Structure formats: structure tokens, C-alpha cells
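For reference, the structure is listed below as C-alpha cells.
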Amino acid sequence: MKGTVLALVSCLASIACYFVQEPTVAFAMVAAFLLALYAAWRRGRPVLLLAAYILSMVSFASLPQGLYALLRLNDIDPSQFTIQHQITIVLTGTAFVGILFALSCRRQSGGVPLSAQEASEDLEKLVCFVGRATGLLYIPLFCLPLYLAFTQSSQVGTNDLDLLSWSRQAALVEHPQIQIFSWLFILLMLGGLASAYMRNAHHRYLGWRAKAGSGPRAVLELMGAAVLLLPVCWIMMDLGWAYSHQIQFHPAASVHIKQLMAAGHVPAWGLYAVLPFAFALLACAAISVILRSLVYLFGPNYLRKRAATHLDLATEQHTSRSENLQRNWGDQIQA
């Protein structure tokens, strides 16, 4: 119990790095990482340990007082980094977090495989809960641009259907409600996509998967989530948070949003933070798939069936049973 609380405090400290004043950012980073290590020593919940390590890595890699400060000490200009450098940072950080998580799970009662499976299931519950919650808002937000198009027209009796075009910057500035819809729709789309990814309900190379065995499927899921999906999520989270950070400290960039939110209950930067949050949900789904694939490939036999929910093994077993029945009936008819 104490380890779980320490892991939660570590997560909060990592998040606080983005909001505290500059002199205390480095101290908050170090404190968050040390709390995560101590939480692992106290046997905290695996998913919270994983979250603490990930948030520590993200804050260190994205804030100027972390990785970028170390690079400048070595006369390396981070502003010259390309997308290849970003992907390298993501893959290196993922490997570092994986090693720390594996070492931490050695102190757990179930060992590394069971702890990884439990963390994967907890991430699945989180992603699917957000997917169901955002699904309740899908139809109202889908109807919102139609409502704005028919009610925000400049002339009586006309319908400005051009408001439905996202490429018209003038319409977006004149009607900032469209901006709110576009950002919230990102949350709905990616929240539903993350839930579908966990439930194996979206399209992904079905022709190849139908012919491949369970082992190659697990390897492909592992490589796709680690090499393709996680870097994309990281880049979009970094860009989205940088933009929301700019909105927070440069209010002139969000004047139209501030005019819309006259009451001031919702800050403009919070609206734009929906983009990195939505991609964070997709990253959680990718991490869950990575953990399950590793457990299926390298874990004990009693966990393989529990970890194979994303590999369509039920369909494969059903097909093999049908083929066996047809073969038996054919043998009986020939006899």
C-alpha cells in the first residue's frame, strides 16, 4: 500500500514539473525519479510503477531543464534535431523504462511476467473506460458543427455550410466554437481508436494475420507498437504540449478562445492540451500491447492464454476445430 502511494506521489511530481517555476523544475524531476525507485522497493502496484517511470522519462526528455540541458552542456544544439533524433530518443527511453520496470517487478510476488500482465490489464481498463466515456459524447459533438453552420450565419435565411470546412481559417477565427469542436473531436477519435486497438476491433493487416501463426503475430504486434506507434504518439504529444504551453504563456495566441470563454472557467491551454492527452491514450494502448506480447512470447505457459487476447487466437482455434470436423466427416463418408 505504501509503495502504491509513493508511486502516485511520483506521478504527481512528474506532472508538477510542467507547472512549477523554473528553479524548482530540476528538483521536482529528481524527486519524482527517486520516489519511483523507492516505490518499486516498497512493491507498489505495477501499473503505477510503470506510469511513474514513464512520466519521469517524459518530463526529462521534453522539458528544457532535462535532456536538452545536458545536450547543451556537451555543445549539442537540440533545435537542430530531426524526426530521426526524436525517434531515437523515444526508443532509447522506452528501453530504459522497460529495464527499470523489469528490475522493479523482480521484487513483486508474481515476478516479472505476472506483473507485466497485470499492468497491461490495468492499462486496458483505463483505455476502454475512457473510450466508453467519450463514446457518450460522440453524437452530440458530431451534430455540433451542423448546429453552428445553421445558427451562426451572418444573413438571415442562409446556411453557411462553408463552416464545415476546416481549411477556411477565416471561418475558424470568426467562429471559435469550431475550434473547440475540432479539438474535442480528436479526443473522441483517438479515445475510440485506442479502445478498438485494445479490443482488436479495428483493421490491421488482416490478410497477413490470417496466415501467420500466433508467434509471428505477437512479434509483429510488439514491433509495430514499439517502433511505429509509440514514436508517433510521442511526437504528437510533444508538439501538442508545446503548443498548449505557448498558449498558456502567450495569451495573445488564444484571444478568440478567450473571447468565447468569457467566464474563464476553462483555460485556453487546457483546451489545446486535449491533443497530447488523446495521443497519451493511444500510447497507453500501445504499451499494453507491448507488455502482453512480451508475456506471450517469453512468459510462462499459464499466462500465455491470458496474454493472447490481442492475437485472435479464439478465431484461429475455432477455424481449426471446423477444419478438423470437416476432415472427420470426410473420412467417415469415404469409409
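Every position in the sequence shown, counted from 1, becomes a number in the numbering used here once 191 is added. Don't be surprised by glycine CBs; every beta carbon is placed ideally from N, CA and C. Since we're looking at a predicted model, the values are computed, not measured.
- In this chain, the alpha helix (DSSP H) harbouring V288 covers 274-296.
- Rounded to the nearest angstrom, the Cβ distance from A204 to A219 is 5 Å, consistent with a contact under 8 Å.
- In the three-state scheme derived from DSSP, where H, G and I count as helix and E and B as strand, R497 is classed as coil.
- The three-state reading of DSSP puts Y434 in helix, counting H, G and I together.
- With a cut-off of 8 Å on Cβ pairs, the segment 272-283 is not in contact with the segment 221-239, counting fewer than three such pairs.
- In this structure, the beta-carbon distance from L419 to I481 does not fall below 8 Å.
- In the three-state scheme derived from DSSP, where H, G and I count as helix and E and B as strand, F224 is classed as helix.
- Across the structure, V211 and S250 are spaced so that their CA atoms are roughly 12 Å apart.
- Out of Y487, K496, I426, L485, the CA that lies nearest to the CA of L466 is found in I426.
- A straight-line Cα-Cα distance of about 6 Å links L472 and V318.
- Looking at the backbone, the Cα of I290 and that of K496 are separated by about 25 Å.
- Pairing A198 with R236 gives a Cβ-Cβ distance under 8 Å.
- Ranked by Cα distance from Y244, the first of Q277, F468, C202, T500 is C202.
- Secondary structure of A252 (DSSP, three-state): helix.
- Boundaries of the alpha helix (DSSP H) around I481: 465-489.
- Sorting A464, L327, V238, L294 by C-alpha distance to the C-alpha of C475 places V238 at the top.
- Under the DSSP assignment, R263 falls in the alpha helix (DSSP H) whose first and last residues are 258-264.
- If you check the CB distance, L228 and F292 do not come in under 8 Å.
- The residue from V486, R297, R298, S479 with its alpha-carbon nearest to that of S405 is V486.
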